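Colleague: Position 145 of the sequence shown, counting from 1, maps to 153 under my numbering, and the rest follow consecutively.
For glycine and all other residues, C-beta sits at the position ideal for the given N, C-alpha and C.
Every value quoted in this text rests on a predicted model; they were computed, and no experiment measured them.
One structure, as structure tokens, below. Some questions next.
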Amino acid sequence: MIKIGIDYYPEHWPPALWEEDAARMERLGVHVVRVAEFAWSRLEPEEGRFDFSWLDEAIAVLSRHGMKVILGTPTNCGPMWLYHDHPETLQRGRSGQPSLTGIRGHRCMQSPTFRRYAGRIVEEMARRYAGRPEIFAWQIDNELDSNHCTCPACTAGFRDYLREKYGTLEALNEAWGTVVWSGEYSAWEQISIQTEEGCLADWYNPARMLDYERYAAACTADYVRFQAELIRRYDPAAVITTNSCFPAHMPDFHQEFAPLDVASYDNYPPVRLPENPEALYSNAFALDFVRSFKQQNFWIMEQLGGPMGGWSPITPAMEPGMLEGYALQAVAHGADLISFFRWRTACTGAEMFCHGLLDHDNRPNRRLEELERLCRRLEGLPELNRTTLHSQVALLYSSEQEFALKNQRQSEGFAYWTQLRLFHNACMSLGVNVDVLPETAPLEGYRVALVPTHFITDPQVVANLETFAQAGGTVVITNRSGVKDKHGNCVLGQPLPTLLRKLCGCTVAEYDAIGPATQQITTSQGSSYRVTSWCDLLTPETAEVWARYTGRFYAGTPAITRNRFGKGWAYYVGTVGEKALYRALLLEILPRQGIPAMDMLPVGVEVTERTGPGGSYRFIFNNTLHGQSFPMNGQTVTLGAMEVLIQTGDGQWR
Ligand code: GLA
Ligand code: ZN
9 MIKIGIDYYP
19 EHWPPALWEE
29 DAARMERLGV
39 HVVRVAEFAW
49 SRLEPEEGRF
59 DFSWLDEAIA
69 VLSRHGMKVI
79 LGTPTNCGPM
89 WLYHDHPETL
99 QRGRSGQPSL
109 TGIRGHRCMQ
119 SPTFRRYAGR
129 IVEEMARRYA
139 GRPEIFAWQI
149 DNELDSNHCT
159 CPACTAGFRD
169 YLREKYGTLE
179 ALNEAWGTVV
189 WSGEYSAWEQ
199 ISIQTEEGCL
209 ADWYNPARML
219 DYERYAAACT
229 ADYVRFQAEL
239 IRRYDPAAVI
249 TTNSCFPAHM
259 PDFHQEFAPL
269 DVASYDNYPP
279 VRLPENPEAL
289 YSNAFALDFV
299 RSFKQQNFWI
309 MEQLGGPMGG
319 WSPITPAMEP
329 GMLEGYALQA
339 VAHGADLISF
349 FRWRTACTGA
359 EMFCHGLLDH
369 DNRPNRRLEE
379 LERLCRRLEG
389 LPELNRTTLH
399 SQVALLYSSE
409 QEFALKNQRQ
419 SEGFAYWTQL
429 RLFHNACMSL
439 GVNVDVLPET
449 APLEGYRVAL
459 VPTHFITDPQ
469 VVANLETFAQ
479 AGGTVVITNR
489 SGVKDKHGNC
499 VLGQPLPTLL
509 RKLCGCTVAE
519 YDAIGPATQQ
529 ITTSQGSSYR
539 VTSWCDLLTP
549 ETAEVWARYT
559 GRFYAGTPAI
569 TRNRFGKGWA
579 YYVGTVGEKA
589 LYRALLLEIL
599 PRQGIPAMDM
609 LPVGVEVTER
619 TGPGGSYRFI
629 FNNTLHGQSF
639 PMNGQTVTLG
649 AMEVLIQTGD
659 GQWR
């Protein structure tokens, strides 16, 4: 059964309310309750004095009402005594200044002092709750970002990381090309991780920045592993996760989740629906991306339960159907557990207007009714968790590209995330399941590999793609691929796309970073598309021309090519197009690979399918605020705003 959860903060409410809260949750049909992820100051009110009595009591109340608990380790928020007595546990900002307390997440994940205190509270909890039947799972910390701290411990850690990686300073200087601007290091102590406040990352050596991002992400992954190992020492059978979001400093999620049992995500899709249809499907991408972290079904640890606000102005009220629709959208993309944020809106603190399911008045409301409807609906599909998405289309992702492109902008408006989404959006608009895969993942079982911007070039990835195409697969590669080596440097004497030249059968004669300007391309079939941002001027070698530019001094020059490679094909898309371009490409590629594409879906309608021993379920979700209808398999499908229809293998609508 798909599990429904609630994020609950017993420490925010008088204990007299706990019983009533639990009874209401039980009536709704809630299975699990997440607690304690910010409660350090109540669990260890002063150094070394632990108090689990209130947590025991809260767990007992919940468990009397048939619910299990997801225990959060409270390490996101160190208590004030810790930061005061041990200021070295405070995270330091870009230019080295300690962060000021009063919000949350002030801690440095690498600080040995912090690790000692965090390790102790985690151990205390693990020892106490290990093996207890009330515990469903563990959540480590909260919404971890990449550890961009510049404290002395983090600085020393970076130098160690580099020593380990390069061995000598000569090798490091060579790899980073530090001769530019007299940046050569003659002692390890000269290497700093601080950067000038307000100064763009682009001013710093990109090779150094890339290694720094790798290091910061490795710190986060190490912090997760550290906590997971402590929990497992006491509770070897523990199911452990951490709740991800997409912060400014993105971690390497594949590395971060490697030591954990299940990936989780905090799902806050837009309440104010985008009027621009190009922006639709973005939440679908986020969900497919999260499924890629462990290439298996995942959990939602925080699901939109009410209008957001508190530290931001309050968003509009949730439209009818939105609470249920967005939760089922997550299930449609592989979620097996949905925990709603939060039970009741806080009356104090920065998030007092970040609404939970219940408002401050604590009365029954529309959102709670919708949650109840969702629970009943999922109870009617008890085998759904024994299914997952199967896909023949792989969209390759790597945090390397994320890091490198974020720190060195290529063209105004050009972003890795956008590149990924353009392809994903096109698949969604055609009702095609997509797996986001780590770039280095094996491609067996897939028919199409979409490779937006393979900027930092990995010879192993190139070899995989060649083998894939050789055997009959179709590869789609875009502009800004093959540009850099593994250090983040450009390569002398090889035309772009360097290592991908043979596969793509073309070279880039020149490029034009047009930024927000637009122009046209025309295909050999005579269709025209608007393009923006970037224009590679292509010279086909073995490839044929798929589309040409119509403007600027290079009118008539190839923009997109298609190359026969072994039994398969490699497309090279030298520019960034409007959405219709990617649809057109896929409408050519998918049928040739025997993948059905639904070109009749109205904009904003998503179709995905979960299959497995539990049966087959087709989800049809209308992610718009107006009704839609369209023909499917000889029937007319009609959906209301935000409605989700589920069709089981026997043709029944559920
Ligand atoms: C994040 C956090 C929660 C809460 C919500 C509210 O996802 O994990 O603690 O702050 O945002 O927006
Ligand atoms: Zn630090």
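Please go through the same chain and pick out, in chain order, the residues whose beta-carbon is closer than 7 Å to the beta-carbon of residue 607, but skip the five residues on each side of it.
Modeller: For this step, residue 607 is matched to residue 599 along the sequence shown. The answer, listed in chain order, is 438, 595.
Colleague: Quick check on the burial criterion: 16 or more other C-beta atoms within 10 angstroms. Buried or exposed for residue 245?
Modeller: Indexing the sequence shown from 1 puts residue 245 at position 237. So residue 245 ends up on the exposed side.
Colleague: Could you spell out where the beta strand (DSSP E) holding residue 514 opens and where it closes?
Modeller: The sequence position of residue 514 within the sequence shown is 506, counting from 1. That run of the beta strand (DSSP E) goes 514-531.
Colleague: Can you tell me whether residue 88 is buried or exposed, with buried defined as 16 or more other CB within 10 angstroms of its CB?
Modeller: For the purposes of this step, residue 88 is taken as the residue at position 80 of the sequence shown. Label assigned to residue 88: exposed.
Colleague: Can you tell me whether residue 655 is helix, strand or coil according to DSSP?
Modeller: Indexing the sequence shown from 1 puts residue 655 at position 647. Three-state DSSP puts residue 655 in a strand.
Colleague: Three or more beta-carbon pairs under 8 Å between the region 484-495 and the region 437-452, yes or no?
Modeller: Contact fails: fewer than three Cβ-Cβ distances are below 8 Å.
Colleague: Is the distance from the Cβ of residue 20 to the Cβ of residue 354 below 7 Å?
Modeller: For this step, residue 20 is matched to residue 12 along the sequence shown. For this step, residue 354 is matched to residue 346 along the sequence shown. Yes, the pair counts as a contact, with Cβ atoms nearer than the cut-off.
Colleague: Between the alpha carbons of residue 664 and residue 632, how many angstroms are there, rounded?
Modeller: With the chain represented from 9 up to 662, any question about residue 664 goes unanswered, as that position is not in the structure.
Colleague: Using 8 Å as the cut-off, can you tell me whether the region 508-525 makes contact with the region 463-481, which would need three or more C-beta pairs spanning the two stretches below that distance?
Modeller: Contact between the region 508-525 and the region 463-481 is present, because at least three Cβ pairs lie under 8 Å.
Colleague: For the region 137-157 against the region 252-263, are there 3 or more C-beta pairs whose distance is under 8 Å?
Modeller: The region 137-157, when compared against the region 252-263, does touch it at the 8 Å Cβ threshold.
Colleague: Is the region 142-150 touching the region 71-80 in the sense that three or more CB pairs, one from each, lie closer than 8 Å?
Modeller: With a cut-off of 8 Å, the region 142-150 and the region 71-80 count as touching, because enough Cβ pairs lie within range.
Colleague: Just to check, is the beta-carbon of residue 161 closer than 6 Å to a non-hydrogen atom of the ligand ZN?
Modeller: Stepping through the sequence shown from its first residue, residue 161 is reached at position 153. Yes, the beta carbon of residue 161 sits closer than 6 Å to at least one heavy atom of the ligand ZN.
Colleague: Would you kindly work out how many angstroms separate the C-alpha atoms of residue 584 and residue 484, rounded to a whole number?
Modeller: On the sequence shown, residue 584 is found 576 positions in, with the first residue counted as 1. On the sequence shown, residue 484 is found 476 positions in, with the first residue counted as 1. Cα to Cα, the separation comes out at about 13 Å.
Colleague: Thinking C-alpha only, which one of 102, 105, 57, 126 is nearest residue 86?
Modeller: For this step, residue 86 is matched to residue 78 along the sequence shown. Looking at the Cα atoms, 126 is the closest of the given residues.
Colleague: At which residues does the beta strand (DSSP E) containing residue 145 begin and terminate?
Modeller: Against the sequence shown, residue 145 aligns to sequence position 137. Residues 143-147.
Colleague: Taking its Cβ as the centre, do 16 or more other Cβ atoms sit within 10 Å of residue 92, making it buried, or is it exposed?
Modeller: Here residue 92 refers to the residue found at position 84 when the sequence shown is read from its first residue. The residue is exposed, with fewer than 16 neighbouring Cβ atoms inside 10 Å.
Colleague: Whose C-beta lies closer than 6 Å to the C-beta of residue 189 among residues of the same chain, with five residues either side of it excluded?
Modeller: Residue 189 sits at position 181 when you count from the first residue of the sequence shown. Once the five neighbours on either side are set aside, residue 189 has no close Cβ partner at all.
Colleague: Based on DSSP bridge pairs, tell me the residues matched to residue 578.
Modeller: Counting from one through the sequence shown, the residue named residue 578 turns up at place 570. Partner(s): 483, 571.
Colleague: Are there three or more Cβ pairs, one per stretch, closer than 8 Å when the region 229-240 is compared with the region 128-136?
Modeller: A contact exists between the region 229-240 and the region 128-136.
Colleague: Name the two residues that bound the continuous beta strand (DSSP E) containing residue 88.
Modeller: Working through the sequence shown from its first residue, we reach residue 88 at position 80. Premise fails: residue 88 lies in the alpha helix (DSSP H), 88-93, not in any beta strand (DSSP E).
Colleague: Look at the Cβ atom of residue 298, then the Cβ atom of residue 276, and state whether they are nearer than 7 Å.
Modeller: Counting from one through the sequence shown, the residue named residue 298 turns up at place 290. Counting from one through the sequence shown, the residue named residue 276 turns up at place 268. Taking 7 Å as the Cβ cut-off, residue 298 and residue 276 do not qualify as a contacting pair.
Colleague: Let me check one thing: in DSSP terms, what residues is residue 602 bridge-paired to?
Modeller: Working through the sequence shown from its first residue, we reach residue 602 at position 594. Residue 602 pairs with nothing; no bridge assigned.
Colleague: Does the pairing of the region 558-570 with the region 452-471 give three or more beta-carbon distances under 8 Å?
Modeller: Short answer: they don't touch.
Colleague: Does DSSP put residue 506 in a helix, in a strand, or in coil?
Modeller: Position 498 of the sequence shown, counting from 1, holds the residue named residue 506. Of the three classes helix, strand and coil, the one that applies to residue 506 here is helix, per DSSP.
Colleague: In angstroms with no decimal places, state the Cα-to-Cα distance between residue 617 and residue 413.
Modeller: Numbered from 1 along the sequence shown, position 609 holds the residue referred to as residue 617. Numbered from 1 along the sequence shown, position 405 holds the residue referred to as residue 413. So the two alpha carbons sit approximately 33 Å from each other.
Colleague: Of all the beta strand (DSSP E) runs that stay within the bounds of the region 278-307, which reach a length of 3 or more residues?
Modeller: For the region 278-307, not a single whole beta strand (DSSP E) run of length 3 or above is found.
Colleague: Pull up the distance between the alpha-carbon of residue 229 and that of residue 122, whole angstroms please.
Modeller: In the sequence shown, residue 229 corresponds to position 221, counting from 1. In the sequence shown, residue 122 corresponds to position 114, counting from 1. Straight-line Cα distance between these residues: approximately 16 Å.
Colleague: When DSSP builds the beta bridges, which residues end up paired with residue 344?
Modeller: Translated into the one-based positions of the sequence shown, residue 344 becomes position 336. Residue 344 is not bridged to any residue.
Colleague: When you compare only the Cα positions, how much space is there between residue 609 and residue 478?
Modeller: For the purposes of this step, residue 609 is taken as the residue at position 601 of the sequence shown. For the purposes of this step, residue 478 is taken as the residue at position 470 of the sequence shown. Spanning the two alpha carbons is a distance of roughly 33 Å.
Colleague: Do you know offhand how far residue 367's Cα is from residue 375's?
Modeller: Looking up residue 367 in the sequence shown gives position 359. Looking up residue 375 in the sequence shown gives position 367. C-alpha separation (whole angstroms): 10 Å.
Colleague: Suppose the cutoff is 7 Å on Cβ atoms and the five residues either side in sequence are ignored; what does the same chain contact list for residue 649 look like?
Modeller: Stepping through the sequence shown from its first residue, residue 649 is reached at position 641. The residues are 327, 329, 630, 632, 633, 634, 635.
Colleague: Near residue 69, which residues of its chain fall below 7 Å by C-beta distance, leaving aside the five closest residues on each side in sequence?
Modeller: Locating residue 69 in the sequence shown gives position 61, where the first residue counts as 1. Answer for residue 69: 26, 27, 30, listed in chain order.
Colleague: Given 6 Å as the limit, tell me if residue 362 has its C-beta closer than that to any heavy atom belonging to the ligand GLA.
Modeller: Stepping through the sequence shown from its first residue, residue 362 is reached at position 354. Yes, since a heavy atom of the ligand GLA falls inside the 6 Å radius drawn around the Cβ of residue 362.
Colleague: How about residue 498: is its Cβ closer than 6 Å to a heavy atom in the ligand ZN?
Modeller: Along the sequence shown, one-based indexing puts residue 498 at 490. No, the Cβ of residue 498 stays beyond 6 Å of every heavy atom of the ligand ZN.
Colleague: Using the DSSP secondary-structure output, state which residues sit across from residue 458 in a beta bridge.
Modeller: Indexing the sequence shown from 1 puts residue 458 at position 450. Its beta-bridge partners are 403, 484.
Colleague: Would you identify the three-state DSSP class for residue 319, choosing helix, strand or coil?
Modeller: Sequence index remark: in the sequence shown, residue 319 carries index 311 (1-based). Looking at residue 319 - three-state DSSP - the assignment turns out to be coil, as it is neither helix nor strand.
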